[in-house]
Amino acid sequence: MSKLNKDILFLIFEELKDDKDSLFSSILVNKNWCEVAIPILWKDPWKNLIKERLLLETVVSFLTNESRDYMISHGLNLLIKPDKPPLFNYISFCRYLNLHKLERIIYTIRNIKEEIKWSMISEEIFKLFINKNNRFTHLIIPYGYKRQIQYLSGFEHCFSELESLRCDVKTNQGFLNGLAQVCKSIKKLVVNVRVINKPGIIDLIEAQTKLEDVRFVFDLMTRRIDDILFYRICGKSLVKRANTIRHLQVNNELIPNLSSYVNLISLEIGTHEHNASWNNLENVSLPSLRILKAHKVPTNILVNFIENNKGILLEIKISDISFEVHTKKLIQAIYNNCPNLQYLELIINDDDILELENLLINCRHLDGLILNVFNINTDEMGWDRLFEILIKRASKNLFKFKFIHRTTIKFEALKNFFENWKNRKPMLLHFIEMFHLSSKHLSLIESFKKKGIIKIFYHDKFSYGFDDFEWIKMR
Numbered sequence: 001m002s003k004l005n006k007d008i009l010f011l012i013f014e015e016l017k018d019d020k021d022s023l024f025s026s027i028l029v030n031k032n033w034c035e036v037a038i039p040i041l042w043k044d045p046w047k048n049l050i051k052e053r054l055l056l057e058t059v060v061s062f063l064t065n066e067s068r069d070y071m072i073s074h075g076l077n078l079l080i081k082p083d084k085p086p087l088f089n090y091i092s093f094c095r096y097l098n099l100h101k102l103e104r105i106i107y108t109i110r111n112i113k114e115e116i117k118w119s120m121i122s123e124e125i126f127k128l129f130i131n132k133n134n135r136f137t138h139l140i141i142p143y144g145y146k147r148q149i150q151y152l153s154g155f156e157h158c159f160s161e162l163e164s165l166r167c168d169v170k171t172n173q174g175f176l177n178g179l180a181q182v183c184k185s186i187k188k189l190v191v192n193v194r195v196i197n198k199p200g201i202i203d204l205i206e207a208q209t210k211l212e213d214v215r216f217v218f219d220l221m222t223r224r225i226d227d228i229l230f231y232r233i234c235g236k237s238l239v240k241r242a243n244t245i246r247h248l249q250v251n252n253e254l255i256p257n258l259s260s261y262v263n264l265i266s267l268e269i270g271t272h273e274h275n276a277s278w279n280n281l282e283n284v285s286l287p288s289l290r291i292l293k294a295h296k297v298p299t300n301i302l303v304n305f306i307e308n309n310k311g312i313l314l315e316i317k318i319s320d321i322s323f324e325v326h327t328k329k330l331i332q333a334i335y336n337n338c339p340n341l342q343y344l345e346l347i348i349n350d351d352d353i354l355e356l357e358n359l360l361i362n363c364r365h366l367d368g369l370i371l372n373v374f375n376i377n378t379d380e381m382g383w384d385r386l387f388e389i390l391i392k393r394a395s396k397n398l399f400k401f402k403f404i405h406r407t408t409i410k411f412e413a414l415k416n417f418f419e420n421w422k423n424r425k426p427m428l429l430h431f432i433e434m435f436h437l438s439s440k441h442l443s444l445i446e447s448f449k450k451k452g453i454i455k456i457f458y459h460d461k462f463s464y465g466f467d468d469f470e471w472i473k474m475r
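The UniProt record's numbering applies: residue 1 is where the sequence shown begins, and numbers increase by one.
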């Protein structure tokens, strides 16, 4: 095993890229293993970063004598020169640059009060990353970032092959304009939209030729009057890239012409407006669409959209719909038009449980089900009926469940659910609760874990660390 050639070792270690403990162990085996594992470990040194000071010490070990002398001449003899040079040029292996975490490790240096000295240290450390010897494929820019690194030597070389960018519309506009001049092949773009919307991001979108995954993450609590104009202009820039975009997460106002996105595979759409117009979703058919996530989209609009995309949807997530309109028609639209559905998140109340039975009968490929249980009380029969239907109608494929609940789950109903799950695939179970499960509930769950009825169980209040259709916590 220790004599495997480097190509095979690389393939093996790439599979372990998220398992840092195993990779760290690998570097101790022999020289070959070390030479293959180190670049993988340093590809994204910011991921799951715990020892910030240790990372800083490694980074500053690459400071040149000229940089050290410059800082010492200004009273900054804080960074000790290593006894011997590092074994590898670790920074050259970095392909991910997280500017937020880079700033954080710099601030682990203590006892500096003068802003000018902080500026000197930061600039010298930034030069270790931004130069003609390094090239990044992934960049994360924190909210309101003001540093103008576009003027550093080597900026163009560093970011000319950027594939993924996460930023904020309030990011320094000069920085965004610099990226627009240099980066032409970004595939994934995640944009946080906050109070002040500036045009730099529009220029960046216009410059791209390979956009595949575009996500606008909105702050739903704030909005300016001039946002409409920003949305309109930004939407026009996006639609020019419609042929290449496969994944889209947007506010409703950003896509006046959704039918142009003919190659769209996943769509996440929502709004924070109570009286939003949804003409852009009416009578739209997207032949490649497989994933739909909708937030505050009216039920009648969703029903129409699902009917127009019959037979192709594999994942549906629906959140924050109004119960002024019954959800029965929505559930009916799903089970009448989505026979191949694999994952579903749905809000249901006590009146919808019988329609849920029809859904389970018709959607036999369901693998995971998330139920946002609304208005089912502990002392009523709703929990009994819900679990009885799951026992009776769930296909053999269905074994992953999440329950988002606002009341305590009826104990006897839950016990009956577990007792009747025998001879099925052990379930992955996750409760996301507004009220704590009692110790009695937790003891019950532990007892059925020991019996092999439940394979994995989580419970929390906000589902931190999980993607929507993810039952095993990966981060």
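Built from N, CA and C at the ideal position, the CB exists for glycine as well.
Please state whether DSSP places residue i in a helix, a strand or coil.
i           : result
Ala-37      : helix
Tyr-145     : coil
Tyr-107     : coil
Asn-5       : coil
Ile-225     : Legend: pLDDT at Ile-225 = 48, less than 50; position of this residue unreliable, value from coordinates given subsequently. Reduced to three states, the DSSP call for Ile-225 is coil.
Cys-167     : strand
Met-381     : coil
Gly-311     : coil
Gly-174     : helix
Gly-235     : helix
Gly-368     : strand
Tyr-458     : strand
residue 482 : Outside the shown range of the chain, which is 1 to 475, sits residue 482, and nothing can be said about it.
Should residue i go down as buried or exposed, given a rule of 16 or more other Cβ atoms within 10 Å for buried?
i           : result
Gln-249     : buried
Ile-228     : exposed
Gln-208     : buried
Ser-443     : exposed
Asn-192     : buried
Glu-315     : buried
Phe-448     : buried
Val-214     : buried
Asn-251     : buried
Glu-324     : Unreliable positioning characterises Glu-324 in this predicted model, as indicated by a pLDDT of 49, which lies under 50. A coordinate reading is not provided.
Asn-134     : buried
Thr-108     : exposed
Asn-243     : exposed
Asn-309     : buried
Phe-88      : exposed
Ser-26      : buried
residue 476 : Outside the displayed span of the chain (1 to 475) sits residue 476, for which this structure offers no information.
Asn-172     : buried
If I measure Cβ to Cβ from residue i and keep anything under 6 Å in the same chain, skipping five residues before and after, which residues do I get?
i       : result
Gly-363 : According to the sequence displayed, residue 363 carries Cys and not Gly. Around Cys-363: Tyr-335 and Leu-341.
Ile-225 : With a pLDDT of 48 at Ile-225, under the threshold of 50, the modelled position of that residue is not reliable, and no figure is offered here.
Phe-211 : The sequence given here has Leu at residue 211, not Phe. The residues are Arg-241, Thr-244 and Ile-245.
Glu-156 : Val-182
Going by the CB atoms, is the gap between residue j and residue i shorter than 9 Å?
i       : j       : result
Ser-164 : Ile-186 : yes
Leu-55  : Pro-45  : yes
Asp-367 : Phe-399 : yes
Lys-170 : Tyr-143 : yes
Ile-234 : Ile-201 : Note that residue 234 is Cys in the sequence shown, not Ile. Yes, Cβ-Cβ distance for Cys-234 and Ile-201 is below 9 Å.
Arg-53  : Leu-99  : no
Ile-255 : Asn-280 : yes
Ser-237 : Ile-205 : yes
Ile-312 : Tyr-343 : no
Leu-176 : Ile-140 : no
Leu-179 : Ile-105 : no
Phe-374 : Ile-331 : no
Leu-437 : Ile-409 : yes
His-247 : Ser-266 : yes
Asp-460 : Glu-433 : yes
Is the beta carbon of residue i within less than 8 Å of some heavy atom of the ligand SAM?
i       : result
Leu-341 : This structure lacks the ligand SAM, and indeed carries no ligand of any kind.
To which residues of the same chain is residue i closer than 7 Å at the C-beta, ignoring the five residues directly before and after it?
i       : result
Ala-394 : Leu-360
Met-120 : Met-71, His-74 and Leu-76
Gly-174 : Gln-148 and Gln-150
Ser-92  : Asn-133 and Asn-134
Lys-328 : Asp-352 and Glu-355
Asn-257 : Val-239 and Asn-280
Lys-127 : Leu-152
Identify, in the order they occur along the chain, each residue of the same chain with its Cβ nearer than 8 Å to the Cβ of residue i, setting aside the five sequence neighbours on each side.
i       : result
Ile-376 : Asn-349, Asp-350, Gly-382, Trp-383, Leu-386, His-405 and Thr-407
Ile-301 : Trp-278, Leu-281 and Glu-282
Leu-289 : Leu-264, Ile-265, Ser-266, Leu-267, Asn-309, Ile-312 and Leu-313
Any contact between the segment 349-361 and the segment 307-322? By contact I mean 3 or more CB pairs, one from each, below 8 Å. no
At least three beta-carbon pairs within less than 8 Å, the segment 63-78 to the segment 28-44: Touching, no, given that fewer than three Cβ pairs across the two stretches are closer than 8 Å.
Pairing CB atoms from the segment 301-316 with CB atoms from the segment 281-289, are three or more of them under 8 Å? yes
Indicate whether the contact test is met: 3 or more Cβ pairs, each with one atom in the segment 7-25 and one in the segment 58-65, closer than 8 Å. Pairwise C-beta distances place the segment 7-25 out of contact with the segment 58-65, as fewer than three of them are shorter than 8 Å.
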